Ligand SMILES: NC(=O)c1ccc[n+]([C@@H]2O[C@H](COP(=O)([O-])OP(=O)(O)OC[C@H]3O[C@@H](n4cnc5c(N)ncnc54)[C@H](O)[C@@H]3O)[C@@H](O)[C@H]2O)c1
């Protein structure tokens, strides 16, 4: 059943700006601009589905300020977290913990589902987060004590369908944010058993989530973390999920080709196909967030107390490029540039990860829709990052040097890279771009905890080419 909802917002525009607004899911829109005051009034009607209004946002050529004001001023009930329940699978991990707190603070009712297997990987490989992290139970208790907000906890493996089904029946989520996967490319390339574990854990876990939604919460919106690494590095622009191709005189819009670079990235490709299929076949609604490489540590919520502190990986298996470089600079280790260092990827601040997930939940996909957003804010090559960290480190009095180390991966070291990333901006994302102050703050964090750094864990020691069937212990 389709309803119409009226909304009415007023903005003040800078004198020089153009009032060129775009509307999403908007059946009609009228703008009135007062030439003297520059006040712009939007009056519009937004379609809703089954009594649930679609999200309606206005963005303009003058950019993010207006988008955010539209976001705040909109009457759209879909933007309200009131009574919305969000299940965060993988909520004890790097992205998941920050997201669970952020959504709880915003008023969503949150449940964390996690097997804590990530903490087990650390024990097995002899690794540790740079920052000390307390147990998930104590994290959640501290959050309750500071904010009065409850986060429910379900400890278990989503590959165990009975456990997942019970969690669904007990919590009854309106949205599921799925971070709960083995997420390291090097981990998946250690040996055969880790490759098999990664694909089993990720693909079966996601399949179980799809079945749980179908069986118990068909209206529930799945927000799934994919990766930009699914696309590889094609010699053409990367689109957001789909590409329109004309072949032998016929045209179609098809899933963008995937060229994953590890067994981990391949697990994400398989997930994407399974999710797309269930949207088509069962009418599920899903958003695949093809996330770039995340950097940074603090979010508004994690910095409220040291027991809310997030994990920060710097080792050769779980550490990601920019976070690793900051720790290397702090302890006087040369920055480890793999090969020629021309590898270019999309990056984002962890504060934008939580923002993007919030936007995806507040603006759900339609039933049957498989939506893909490229979730990153800026592109950098490894050499770019090494230069930025060298400069920031020198400002803090550190002696920083970058060296080229043999590349353990099989990947292009110099290539074309231009990936689109406009859809989240259109929904209202206000990016935290990589700045000197952010680099200073991450470097200062790394300096604060430098006594916890095990320098033996810094060099990469998982080789894409040498992977074999023999179980391997990575730790030195
Ligand atoms: N960190 C990044 O830079 C980055 C970049 C792109 C995409 N991603 C994606 O974002 C998601 C989260 O990444 P992260 O860095 O927070 O990883 P993480 O390893 O810190 O967190 C993942 C969490 O999921 C849990 N988990 C794994 N398998 C599970 C299972 N079968 N059942 C229940 N819980 C399980 C782990 O215990 C862990 O707490 C992953 O899907 C990853 O692929 C991350």
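In full-length UniProt numbering, the protein residues as written are 1 to 476.
Glycine included, every Cβ here is placed at the ideal spot set by N, Cα and C.
Here the structure is a predicted model, which means the values were calculated and not measured.
The C-beta distance from residue 382 to residue 343 rounds to 5 Å, short enough to meet the 8 Å contact threshold.
Non-local C-beta neighbours of residue 118 in its own chain, meaning closer than 6 Å and more than five positions away in sequence, comprise 93, ordered along the chain.
Taking non-hydrogen atoms of ligand 1 into account, the C-beta of residue 181 is found less than 7 Å away from one of them. Pairing residue 392 with residue 439 gives a Cβ-Cβ distance under 8 Å. Residue side-chain check: residue 170 keeps its Cβ at 7 Å or more from all non-hydrogen atoms of ligand 1. The shortest CA-to-CA distance from residue 214 to any of 130, 115, 289, 367 is the one to 367. For the options 155, 324, 286, 88, the alpha carbon positioned closest to that of residue 447 is the one of 324. CA-to-CA, the gap between residue 314 and residue 126 works out to about 13 Å. Assigned with DSSP and collapsed to three states, residue 355 falls in helix. Taking non-hydrogen atoms of ligand 1 into account, the C-beta of residue 90 is found less than 7 Å away from one of them.
Where residue 147 is concerned, there is no enclosing beta strand (DSSP E), although the alpha helix (DSSP H) around it starts and stops at 136-147. Annotation for residue 93: no alpha helix (DSSP H) segment contains it, and DSSP assigns it neither H nor E.
Residue 170: not part of any beta strand (DSSP E); member of the alpha helix (DSSP H) spanning 161-171, first to last residue. Within 7 Å of the C-beta of residue 137 there is not a single heavy atom belonging to ligand 1. Exclusion of the five residues before and after residue 468 leaves 191, 192 as the residues of its chain whose Cβ lies within less than 8 Å of its Cβ. Taken atom to atom, the span from the alpha-carbon of residue 299 to that of residue 249 is near 50 Å. Classified as buried, residue 188 has 16 or more neighbouring CB atoms from the shown chains inside 10 Å of its CB. Bridge partners of residue 85 according to DSSP: 109. Annotated three-state conformation of residue 122 is helix, per DSSP. Below 8 Å, enough C-beta pairs join the stretch 262-274 and the stretch 228-238 to call them touching: three or more.
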